[in-house]
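Residue numbers (full-length UniProt numbering), protein chains in the order written: chain F, 1 to 797; chain Z, 1 to 341. For reference, the structure is listed below as structure tokens.
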């Protein structure tokens, strides 16, 4: 042990002696890494956000090549403010928009549908009783009153259009399309917004929803995010100025943060890993951690500088010696927190694990670099800021710790019981997935969510779809059993989920339309015939008359695969569970396998979301456990005591209970955007306690009495903890007030709450725990010193 | 004393625990009870009100709904099947029948609490059922079949069959006199309770010159008012009436009747006629001399109504698309929707 201590001191001494070289090495490294920043990619890649290994995703990917995916649907509503859409002007807009969108390279042309597309058919009777399938409104828009009335009649007598391509009240029409998987959401957003501007007028409003549009909106806030970053950084600098009131206090943390930022961003650029804008808040969290660590170390440097009588080299040596290891331990816990994200089988998470853990590791350099940077900066010993104010703060902190260990003991205990009770209840309410019908990323009054509400209200269609696939022998898709099962499945889902089921789309729609026409428009016959012979006859008619292009939405070229798409009102986590349960219940009563093929669940956006939620649920519990375990191990190693591990980890459970209660209460679900924050958040703030415990060990050399020792440690470290905490909490909190992205605001509040909880616990619960446990590891130095004294006394003797 | 205090404290804790458990149960179950949702609204095709208060309607996927308060509110009954049910008829508040696809005939003797399947000699899609009393009734079906029972449906027999057309509707004004109508304008009439059915209208054939089908208008509904008077409705605003027992069916045109499919028609003996179909519901109070659009709230312009029935002197009721149920005022001029999406 003394040998180790000696080796550590020698390394520190070496670094301080050659600090100019160390700095030079750092500057070269930073320059090299900085160049990588220019190579950074900041795209949202859909396939990276879902668990690629999940059977639903594999199924979806396989069938998406045949029928297109469900993940990139865009729904465009053309809404009239007065009257209905059955006038040449509005219908002209539907036609123009459809033609325009069909020609975009980003869309699947076959999957672009509106009442003006060739794929929208109507069955008509002609002379000699002949029945033909014709386009509903293609290529031209009806002009005369008579033609308009006929179109209206067609639309409202056919359930596959009524409420889907045209709203049930006739005041709005839809253009549905599907984007390709590898498009730039930033560019498509510009095109979609252009549609809104071009086709809106005093009587028409355009509303667009769907994943690409949502991503586009998020991109549009990229610059606002930068502004929020800038404001937060400015606020941090202000707090640093108020706390330190000197050059060292301001420049060292900022310079160090800049170095770590350059290294982290450069690493992202050089590795070529994509950095999604959805996760910028995490970058800020890392940035905040950089600042917090450097503030702690700078604070210690100033203390040492004051104690050692204006000697910067000695102060740097002492600071580095004292802070290098605790800093590394604190950083290691957070790095493990990030690294564990990689257990989720989601590419985004795995990439995040690599990027962020590296970035976090760069903070370990601070234990060396901050004292060195400080040693080059001018400092006046007598200008450490408003001493009186700090004195009052120090007194308040000590009083708080004293109260917690004395008369407030019961209060702290009751508080913890309250936190456990409330926390456990709230955690059971925590939703996996998106708990809001629109997008939880944006505020409820955001245009996107308003548009989503309008589409939900007016149409029986949405971008949240579930696809049931059938795959079997060649030409088996036309077997009555297949369509009967589809029809029964659709009916079952409608019956089970009447509040969220909206409509369906499959070859059944056209078959029913034919059956209706064969019976002269009698609505009673808008159904699949029960008689297998009749059904086979109708399916044969569909096959021969509908045209390949139209059928390709539903049936593949080899007639081996077909699908039914069911539309639901939203993708909230509760409803995803209900949809899955209802679908599985159906196949409890009906066979998945039939004579010549098999039904397969579950594709579409709903299938993807279910897969994601399942992966999240599994990963979340595992991640939190691993983070806590790694914190336990790191702390145990750092203090060479299992007791220390427990003492530092258990209070973290309390702070996380508080933070997760907030998530549940505020309706924030665990999604790919929030899970990293919550997983990493588990370990945020543990360093407050680590610094307190380290200080306690040092104070133990001076004070025998536990209570005095703790109070002295709180007196010296408490202010540092509060300064660091405030430097982190206040800038993060600004996100809550100014971010246009709801989830970032909420995550800001979530992290601020975690930090605040850990800060308060470090000054209340931890002193109490130390007093009650009286851990031996804190007195180890004392024992060693005593042993050395005895040994030297014996030698002298 | 001390133990008493402790016991008191323990009792208090027990009470707290019980209250907490109760609250927890309420928190867990009340939202579920509140969210016990109405079923998905299915298309309705027929409605029957044997009295002013009790009514039944039926429709797609085995849907049967019942009202016991004059149609103001409705709740589902279990039919036990998932076929389309096309027609319902109740002779009183206990005894009723529904018929539908797959040869379905269901019967209840307890106001729909239990529905039992009755044996049927054919498995066609039955279109309409009519009972003149609790024992005597008729059903019309595909392939121009008319079924008959005189024992409340314990046994059904084929009373009449003709060509391969669909008969859509049947109505009797008494035990003897009734009409059945269907595709290609076919109207059959009986004056002896169905022992003999005579064709009064309808034609089907191919033009020798053009090869096109030549046929009468598709008729959806018929309502027998008295032995002389009956009303029928069909495609493209076709409404016709007879006032001489069917010797002559007169087309009612150009007086407020829209050119649309008219799925349902009903009439009383006092000159009131209600007809409805795709996007329109029209009423007449002068024996069909003039028709006026019903004042519908909300409008049915983007939907359709199918079955129409009288509910005593209170007015009429119409059912249709996605569970729509409309109630009229006593005159039949003003309508409000009480159910459906």
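For every residue, glycine included, the Cβ atom is placed at its ideal position computed from N, Cα and C.
Residue 521 (chain F) belongs to the set of residues whose beta carbon lies under 7 Å from a beta carbon in chain Z.
DSSP places residue 672 (chain F) outside any alpha helix (DSSP H), giving it a letter other than H or E. When the five nearest sequence neighbours on each side are left out, the beta carbons in the same chain lying within less than 8 Å of the beta carbon of residue 54 (chain Z) are those of 66, 67, 68, 90, 93, 111, in order along the chain.
Scanning its chain for C-beta atoms nearer than 8 Å, with the 5 sequence neighbours on each side dropped, one finds around residue 321 (chain F) the residues 8, 9, 12, in chain order.
The three-state reading of DSSP puts residue 108 (chain Z) in strand, counting E and B together. Residue pairing by DSSP places residue 172 (chain Z) opposite Z:178 in a beta bridge.
Nearest Cα to residue 238 (chain Z) within the set Z:51, Z:229, Z:221, Z:247: Z:221. Here the C-alpha atom of residue 722 (chain F) lies approximately 25 Å from the C-alpha atom of residue 310 (chain F).
Following the DSSP letters along the chain, one finds residue 241 (chain Z) inside the beta strand (DSSP E) bounded by residues 239-242. Near chain F, meaning a CB-to-CB distance below 9 Å, no residue of the stretch 135-153 of chain Z qualifies.
Annotation: residue 588 (chain F) has no Cβ neighbours in chain Z at a cutoff of 9 Å; minimum Cβ distance is about 17 Å.
Flagged as an interface residue toward chain F: residue 302 (chain Z), by a C-beta distance shorter than 7 Å. Boundaries for residue 131 (chain Z): no alpha helix (DSSP H) harbours it, while the beta strand (DSSP E) harbouring it runs 128-131, taken from the DSSP string. Rounded to whole angstroms, residue 168 (chain F) and residue 156 (chain F) show a C-alpha spacing of 8 Å.
When Cβ-Cβ separations below 7 Å define contact, residue 79 (chain Z) makes no contact with chain F.
In the same chain as residue 121 (chain Z), and ignoring 5 residues on each side of it, the C-beta atoms closer than 8 Å to its own belong to 147, 156, 157, 158, in chain order. Beta-bridge analysis with DSSP links residue 465 (chain F) to F:567.
When secondary structure is reduced to three states using DSSP, residue 40 (chain F) falls in the coil class, being assigned neither helix nor strand. Within the same chain, and ignoring the five residues on either side of residue 117 (chain F) in sequence, the residues whose Cβ sits closer than 7 Å to its Cβ are 98, 138. Contacts with chain Z at 7 Å (Cβ-Cβ) include residue 530 (chain F).
The Cβ atoms of residue 311 (chain Z) and residue 305 (chain Z) do not sit closer than 7 Å to each other. Boundaries cannot be given for residue 161 (chain F), as no alpha helix (DSSP H) includes it and DSSP labels it neither H nor E. About 5 Å separates the beta carbons of residue 651 (chain F) and residue 765 (chain F), which is inside the 8 Å limit, making them a contact pair. Interface residue (Cβ-Cβ distance to chain F less than 7 Å): residue 169 (chain Z) is not classified as such. With respect to chain F, the C-beta atom of residue 204 (chain Z) has no partner C-beta closer than 7 Å. For residue 102 (chain Z), the closest Cβ of chain F is nearer than 7 Å. Residue range 204-210 is occupied by the beta strand (DSSP E) that includes residue 209 (chain F). One thing to note: residue 743 (chain F) has its Cβ within 7 Å of the Cβ of residue 441 (chain F). In terms of Cα proximity to residue 523 (chain F), the closest of Z:202, Z:328, Z:81, Z:261 is Z:261. Non-local C-beta neighbours of residue 42 (chain Z) in its own chain, meaning closer than 8 Å and more than five positions away in sequence, comprise 59, 60, 61, 63, 322, 323, ordered along the chain. Excluding sequence positions up to five before and after residue 143 (chain F), its CB lies within less than 7 Å of the CB of 88, all in the same chain and listed in chain order. Residue 94 (chain F) and residue 210 (chain F) do not touch by the CB rule: their CB atoms are close to 17 Å apart, not below 8 Å. No residue range can be given for residue 106 (chain F), since it is assigned to no alpha helix (DSSP H) and is classified by DSSP as neither H nor E. By the Cβ rule, the stretch 657-670 of chain F counts as touching the stretch 422-431 of chain F, because three or more pairs are nearer than 8 Å. Our two residues, residue 272 (chain Z) and residue 499 (chain F), have alpha carbons roughly 39 Å apart in a direct line. When the Cα atoms are used, residue 472 (chain F) and residue 586 (chain F) turn out to be separated by approximately 20 Å.
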